[in-house]
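Counting with this note's numbering, you get residues 128 to 560 for the letters of the first sequence.
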Amino acid sequence: MFALIDGNNFYVSCERVFRPSLEGIPVVVLSNNDGCAIARSNEAKALGIKMGQPWHEIRHFEESAGLVALSANFALYGDMSDRMMSLAAGLGPTQEIYSIDESFIGLDGVRGDLKARALAVRSRILRWVGIPCCVGIGPTKTLAKMANHIAKMAERKSGCYPIEHAQVCDLCTLARSQVEELLAATDVGELWGIGPRIGKQLRAGGIATALQLARLDPATVRSRFSVVVERTVRELQGVACIGLEDASQPRQQIACTRSFGAPVMTYEPLAEAVSEFASRAAEKLRLQSSHAADVLVFVRTSPFRQDPQYSRSIIVPLRRPCSDTAAIVAAALLGLRAIFQPGYQLAKAGVMLMGLQPASREQLELAFDKPYAGRSKARLMQTLDAVNDRWGRGAIKVGSAKIGQVPRGWSMKQQRRTPAYTTDWAQLPIARA
DNA sequence: TCTGGGGTCCTAGGACCC
DNA sequence: TCTGGGGTCCTAGGACCC
128 MFALIDGNNF
138 YVSCERVFRP
148 SLEGIPVVVL
158 SNNDGCAIAR
168 SNEAKALGIK
178 MGQPWHEIRH
188 FEESAGLVAL
198 SANFALYGDM
208 SDRMMSLAAG
218 LGPTQEIYSI
228 DESFIGLDGV
238 RGDLKARALA
248 VRSRILRWVG
258 IPCCVGIGPT
268 KTLAKMANHI
278 AKMAERKSGC
288 YPIEHAQVCD
298 LCTLARSQVE
308 ELLAATDVGE
318 LWGIGPRIGK
328 QLRAGGIATA
338 LQLARLDPAT
348 VRSRFSVVVE
358 RTVRELQGVA
368 CIGLEDASQP
378 RQQIACTRSF
388 GAPVMTYEPL
398 AEAVSEFASR
408 AAEKLRLQSS
418 HAADVLVFVR
428 TSPFRQDPQY
438 SRSIIVPLRR
448 PCSDTAAIVA
458 AALLGLRAIF
468 QPGYQLAKAG
478 VMLMGLQPAS
488 REQLELAFDK
498 PYAGRSKARL
508 MQTLDAVNDR
518 WGRGAIKVGS
528 AKIGQVPRGW
538 SMKQQRRTPA
548 YTTDWAQLPI
558 ARA
């Protein structure tokens with residue numbers, strides 16, 4: 128048995144903790160560069176504002192409906208999340224933190240009235256952290272997710288589900304007929320694992336509700352769709368196919384990407400941005416004690432504009448897997464040089480680290496104890512992270528202006544013989560403080 | 001004028017092998 | 001007219017999640 132605890136309108140709720148005057152009015156939190164809405168209060172949802180809707184399409188609500196828009200503060204949300212998760216963990220013996228605002232709780236072995244227990248945890252989170260939550264309980268993760276959706280909608284919109292399921296919905300204590308009524312009242316597109324594409328295909332085939340999907344034959348679903356949809360069907364039937372992932376797994380891929388506030392057309396500002404992305408990605412990499420084998424860098428124009436489109440990416444292998452900012456920045460810049468073409472209004476760029484592997488004990492020992500260069504590099508990275516942690520991101524950066532650029536007067540042969548990513552730390556310009 | 005930033009998993013098809 | 005059969009690995013792209 129599983130529970131899913133989920134903070135309501137999480138980013139907006141975090142903001143409201145510190146600005147109670149925002150209660151009861153339409154609020155959105157905006158993405159990077161205030162580009163689009165990434166969280167909406169119930170009042171904003173009632174205005175018809177969609178997830179991810181561009182700000183310029185909804186800003187008229189400022190005047191007409193008193194909409195308040197806030198720039199995102201992810202550091203705050205991360206902190207609030209940690210507090211919420213530690214209280215949510217009290218619901219059962221195991222916890223999987225699924226996203227910044229959701230966690231699954233394994234309920235095996237928990238005795239007594241689960242609904243009362245969930246309500247108590249919910250009110251503790253509300254009192255101590257200030258975040259309103261909803262809890263869904265079911266025999267599988269997919270059903271717990273659906274129960275959570277019911278708990279939220281029953282509270283928010285009267286009439287769509289029976290009001291007694293508001294805030295906490297426990298499918299495990301209901302009669303079969305009651306569960307089927309809830310399944311019948313749930314659109315197939317609301318289910319975990321059914322997105323817009325599959326949802327459309329299902330509806331075209333006459334499957335519009337969760338109940339209709341639950342009654343299909345899994346094998347048929349597998350042949351017509353995929354094992355993923357088949358698993359959803361089995362989970363709806365009460366057969367648990369997706370287990371709880373207790374221990375958090377290290378990431379298999381680390382990305383740092385941004386849209387630009389204004390189009391970028393020249394190499395230098397792009398190189399500066401890509402250096403920054405690569406540095407941030409390398410920090411994240413060291414945080415999980417991994418090494419990367421490859422660096423991917425991409426640039427692209429805005430797909431929403433009519434201008435000539437340009438989208439390229441390249442994967443640059445590192446000489447050997449590492450987590451060294453200098454090597455990763457150099458590789459990213461080498462890649463950027465290969466894919467950059469002037470004349471396009473670039474809207475977005477990013478760096479991804481791939482082929483991640485644990486930094487093994489041998490590698491760590493090698494870095495710290497054996498060759499001088501390796502030791503100093505690892506210590507330098509530790510110092511970099513420590514200083515940036517203490518004094519704020521970007522307090523120390525790796526200088527990048529010249530990395531990846533070819534010294535004046537070099538022949539093509541020399542350039543080919545000396546790829547930038549083989550650059551040693553010693554050859555790189557030292558950071559400015 | 002202005003459109004997020006992360007992630008995961010699955011599948012199909014090609015290359016390659018014996 | 002007929003043109004093996006099976007396996008593995010890799011990659012790009014698609015679909016999904018928040």
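C-beta: ideal position from N, C-alpha, C; glycine also. Note that this is a predicted model, so its numbers are computed, not measured.
Once DSSP output is grouped into helix, strand and coil, what is the label at GLY179?
Translated into positions along the first sequence, residue 179 becomes position 52. Coil.
Got a sec, what are the start and stop residues for the beta strand (DSSP E) PHE387 sits in?
Residue 387 sits at position 260 when you count from the first residue of the first sequence. Residues 381 to 391.
Classify TRP436 as helix, strand or coil using the three-state DSSP reduction.
Counting from one through the first sequence, the residue named residue 436 turns up at place 309. The question names Trp, but residue 436 in the sequence shown is Gln. Residue state, collapsed to three classes: coil.
If you compare alpha carbons, which of LYS327, GLN379 and ILE132 is closest to ALA278?
The sequence position of residue 278 within the first sequence is 151, counting from 1. Residue ILE132 is the option with its Cα nearest to ALA278.
If you scan the segment 204 to 257 from start to end, which runs of the alpha helix (DSSP H) of 4 or more residues do you find wholly inside it?
Listed in chain order, the complete alpha helix (DSSP H) runs (minimum 4 residues) inside the segment 204 to 257 are 241 to 255.
DSSP on ILE321, reduced to helix/strand/coil?
By 1-based counting over the first sequence, the position of residue 321 is 194. Coil.
Hey, could you find the ends of the alpha helix (DSSP H) PHE145 is sitting in?
Taking the first residue of the first sequence as 1, we reach residue 145 at position 18. 137 to 145 is the span of the alpha helix (DSSP H), which, as asked, contains PHE145.
Check whether the Cβ atoms of ALA274 and ASP297 lie closer than 9 Å to each other.
Within the first sequence, residue 274 is the residue found at index 147, counting from 1. Within the first sequence, residue 297 is the residue found at index 170, counting from 1. Yes, the pair counts as a contact, with Cβ atoms nearer than the cut-off.
Need the endpoints of the alpha helix (DSSP H) that LYS475 sits in, please.
Walking along the first sequence from the start, residue 475 turns up at place 348. Premise fails: LYS475 lies in the beta strand (DSSP E), 473 to 481, not in any alpha helix (DSSP H).
In terms of residue numbering, what span does the beta strand (DSSP E) encompassing ARG167 cover?
Taking the first residue of the first sequence as position 1, residue 167 is located at position 40. First-last of the beta strand (DSSP E) with ARG167: 164 to 167.
Exposed or buried, ARG358, counting other C-beta atoms within 10 Å across all chains shown (16 or more means buried)?
Along the first sequence, read from residue 1 onward, the residue named residue 358 stands at position 231. So ARG358 ends up on the buried side.
Where DSSP assigns a beta bridge to SER569, which residues make up the other side?
There is no way to answer for residue 569, as the model of the chain reaches only from 128 to 560.
Just to confirm before moving on: does the CB-CB distance between PHE467 and VAL426 stay below 9 Å?
For the purposes of this step, residue 467 is identified with residue 340 of the first sequence, where counting begins at 1. For the purposes of this step, residue 426 is identified with residue 299 of the first sequence, where counting begins at 1. Against a cut-off of 9 Å, the Cβ pair of VAL426 and PHE467 comes out as a contact.
Grouping DSSP H, G and I as helix and E and B as strand, with all else coil, what is ARG427?
Within the first sequence, the letter at position 300 stands for residue 427. In the structure shown, ARG427 sits in a strand (DSSP, three-state: E or B).
On the DSSP letters alone, give me the boundaries of the alpha helix (DSSP H) that ILE277 sits inside.
The sequence position of residue 277 within the first sequence is 150, counting from 1. Looking at the DSSP string, the run of the alpha helix (DSSP H) that includes ILE277 is 268 to 283.
Do the segment 377 to 385 and the segment 433 to 441 touch if we need at least three Cβ pairs shorter than 8 Å?
Contact between the segment 377 to 385 and the segment 433 to 441 is absent, because fewer than three Cβ pairs lie under 8 Å.
Taking the alpha-carbon positions, what's the ALA367 to ILE455 distance?
On the first sequence, residue 367 is found 240 positions in, with the first residue counted as 1. On the first sequence, residue 455 is found 328 positions in, with the first residue counted as 1. Their backbone Cα atoms lie some 42 Å apart in a straight line.
Where are the beta strand (DSSP E) runs, 3 residues long or more, that stay fully inside the segment 288 to 335, in chain order?
List check, beta strand (DSSP E) in window: 295 to 297.
According to the neighbour-count rule (16 or more other Cβ atoms, all chains shown, within 10 Å of its Cβ), is TRP518 buried or exposed?
Translated into the one-based positions of the first sequence, residue 518 becomes position 391. Exposed, by the Cβ-count rule.
I'd like to know if the segment 175 to 189 and the segment 153 to 164 are in contact, where contact means that at least 3 CB-CB pairs between them fall below 8 Å.
The segment 175 to 189, when compared against the segment 153 to 164, does touch it at the 8 Å Cβ threshold.
When you compare the segment 343 to 359 with the segment 192 to 212, are there three or more beta-carbon pairs, one atom per stretch, that lie closer than 8 Å?
Segments in contact, no.
Do you know offhand how far GLN280's Cα is from GLY265's?
In the first sequence, counting from the first residue as 1, residue 280 sits at position 153. In the first sequence, counting from the first residue as 1, residue 265 sits at position 138. It is worth fixing the name first, because residue 280 is Met in this sequence and not Gln. Going from the Cα of MET280 to the Cα of GLY265 covers about 17 Å.
Considering only C-alpha positions, which residue in the set ARG146, ILE185 and ALA243 is nearest to LEU157?
One-based indexing of the first sequence puts residue 157 at position 30. Looking at the Cα atoms, ILE185 is the closest of the given residues.
Mapping the DSSP letters down to three states, classify PHE129 as helix, strand or coil.
Within the first sequence, the letter at position 2 stands for residue 129. It is a strand residue.
Should LYS268 be labelled buried (16 or more other beta-carbon atoms within 10 Å of its own) or exposed?
Within the first sequence, numbered from 1, the residue matching residue 268 stands at position 141. Label assigned to LYS268: buried.
Please state if the CB of GLY320 and the CB of VAL355 are separated by a distance shorter than 9 Å.
Reading the first sequence from its first residue, position 228 is the one you call residue 355. Reading the first sequence from its first residue, position 193 is the one you call residue 320. Cβ atoms of VAL355 and GLY320: closer than 9 Å.
So, does the segment 406 to 415 touch the segment 255 to 264, judging by three or more C-beta pairs under 8 Å?
Contact between the segment 406 to 415 and the segment 255 to 264 is absent, because fewer than three Cβ pairs lie under 8 Å.
From ASN136 to SER168, what distance separates their C-alpha atoms?
Walking along the first sequence from the start, residue 136 turns up at place 9. Walking along the first sequence from the start, residue 168 turns up at place 41. Going from the Cα of ASN136 to the Cα of SER168 covers about 6 Å.
Using the Cα positions of PHE201 and ALA522, report the straight-line distance between them to the nearest angstrom.
Stepping through the first sequence from its first residue, residue 201 is reached at position 74. Stepping through the first sequence from its first residue, residue 522 is reached at position 395. One C-alpha to the other measures close to 19 Å.
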